[in-house]
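Working notes for the structure below.
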Amino acid sequence: MERLSFPPGLYVAATPLGHLGDITDRVRAALEVCDLIFAEDTRHTLSLLRGLGLQRSAGSVRPLHQHNERDVIDQLLDALSRHRAVMLVSDAGTPAISDPGSLAVDAAWRAGYTVTPLPGPSAGITALSICGFARWPMSFWGFSPAKPSGRRTWLGLVKRHAGLAVIFETPHRAKKSLADCQDIFGSDTPMMFGRELTKQYETVLRGSIREVREFLPREEVQEAQCVWSCRMRMMGETMRCAVGKLHILNTRRRARGMSAMVLLQLQARLRWTRAFSVRHASLKCLVSR
């Protein structure tokens, strides 16, 4: 791909969740030729470049994460003012949604620079694509509050909205959040739980919240992604259905670094589906009420 394919501007690029083969040709080319890369974790991005057989100077890959984003926006805008092609990436998936980058993207727009998406893997969309739940309306809620009281209040707010809700959670709070969801959405709410998306140890569980919670203590849970279809309101009525036996596909133990995803749906018939998981330490949840 020629250099002219990437004129000056900001390129928001999606990188693989875990499987290197999921990278697109455009993103690979941009990683090679863009003048600067702003990365959530420079070590991870340099490792990705090595895996792709690309070589860049360390100075051309700069950090942009949740703790410094406001401070480095001026650097990014300065590069754009000098007619540079600047790339924004996260550790995995699409940046500027749950990962850092939205402030930088907003600043580029406000300053009048071109902002171009380089689409590809997205953890939330990946989870949605295999959950099989009723999709619309759909809302994205990001990460839940850290404090238990705040989280339960927040989940109560989620419950009041119809449709499918996407919620992210950190791994060390995953089990506690599942317990809160069981209390708030009900034990029989269908759920799909997966981990290690697109990686060797990818696993998906599909059952009720109670069944998944009973299974989880057998496995180490670190990075997680969840989709909950808790209760679906249709024309003012709350629909419920019984859930069946927990089904498991491709479950394998690993000593550490496991990631997980949970999807819940209102349907009587349950089954196992292969899931994808992210490398990040994040529990992603989709809740359909």
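Using our numbering, you'd call the opening residue of the sequence shown number 184 and step up by one each time. Here a beta-carbon is modelled for each residue, glycine too, at the ideal position from N, C-alpha and C. Values in this document were obtained by computation on a predicted structure and should not be read as measured data.
In this structure, the straight-line span from the alpha carbon of Ser285 to that of Leu231 is close to 22 Å. Residues of the same chain with a CB within less than 8 Å of the CB of Trp319, apart from the 5 flanking positions on each side, are Gly346, Leu347 in chain order.
Fully enclosed alpha helix (DSSP H) runs of no fewer than 4 residues occupy 208-216 of the stretch 188-226, in order along the chain.
Nearest Cα to Leu399 within the set Val269, Met375, Val272: Met375. Counted as a single uninterrupted DSSP element, the stretch harbouring Arg265 is not any beta strand (DSSP E), since DSSP gives it neither H nor E. Between the stretch 258-273 and the stretch 199-208 there are fewer than three inter-stretch CB-CB distances shorter than 8 Å, so the stretches are not counted as touching. Per DSSP, reduced to three states, the secondary structure at Ala279 is coil, with no helix or strand assignment.
Following the DSSP letters along the chain, one finds Phe316 in no beta strand (DSSP E), marked with neither H nor E. Taking a cut-off of 8 Å for Cβ pairs, the stretch 336-356 and the stretch 384-397 do not touch, as fewer than three such pairs fall below it. One alpha carbon belongs to Glu379, the other to Thr228, and they sit about 19 Å apart. DSSP, read as helix, strand or coil, puts Gly234 in helix. Unbroken alpha helix (DSSP H) runs of no fewer than 4 residues, entirely contained in the stretch 316-375, are found at 331-342, 357-368, following chain order. A distance below 6 Å between beta-carbons, with the five flanking residues on each side excluded, links His266 to the following residues of its chain, in chain order: Pro191.
Proximity to Asp224 across Ala268, Ala241, Ala213 peaks at Ala241, based on C-alpha coordinates. In this structure, DSSP gives Ser243 a helical state, which the three-state scheme calls helix. Only residues of its own chain outside the window of five on either side were considered, and among them Leu301 have a CB closer than 6 Å to the CB of Arg209, listed in chain order.
The DSSP-derived three-state label of Ser391 is strand. In the DSSP assignment, Leu301 falls outside any alpha helix (DSSP H) and lies within the beta strand (DSSP E) extending over 298-301. If you look at Leu286, you'll find it in the alpha helix (DSSP H) that goes 285-293. Around Gln238, the same chain offers Leu232 as residues with beta carbons nearer than 8 Å, after the five sequence neighbours per side are excluded. Phe368 and Val272 have their alpha carbons spaced roughly 35 Å apart.
For Leu271, the beta-bridge partners assigned by DSSP are Val195, Phe221.
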